[in-house]
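Quick note on numbering: the sequence shown equals residues 97 to 165 in our numbering.
Positions of the beta carbon are idealized from the N, C-alpha and C atoms, including for glycine.
Keep in mind it's a predicted model, so treat the numbers as computed, not measured.
Below is one structure; the comments refer to it alone.
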Amino acid sequence: MTGKDCSGLNPENLPPVLKVKELSNLLRIPLTRTYELIERGEIPCVRLGRSIRIPRSVVVRLLDVERKE
97 MTGKDCSGLN PENLPPVLKV KELSNLLRIP LTRTYELIER GEIPCVRLGR SIRIPRSVVV
157 RLLDVERKE
């Protein structure tokens, strides 16, 4: 997704769920792009009312895919 090296990131240091802005910062992509990926279903999320949260397991998978590319 971003082409950035996240190999030094320890997934256990991440909170159980991330806000969209936190994920955007972590992936180093624009906030609007993050929302687009969520709306298209490319980033699975949990919706709690108007809040959107991304589980840590999803973030770990995103980072693993990024490392393999």
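- In the structure shown, Leu114 adopts extended strand secondary structure according to DSSP, grouped into three states.
- Per DSSP, reduced to three states, the secondary structure at Pro140 is coil, with no helix or strand assignment.
- The bridge partners DSSP lists for Ser147 are Leu144.
- In terms of Cβ geometry, Ile150 and Leu119 form a close pair [threshold 7 Å].
- In the DSSP annotation of this structure, the continuous segment of the alpha helix (DSSP H) that includes Glu132 starts and ends at Leu127 to Glu135.
- By the criterion of a C-beta distance shorter than 8 Å, Pro112 is surrounded in its chain by Pro151 and Arg152, once the five residues flanking it on both sides are discounted.
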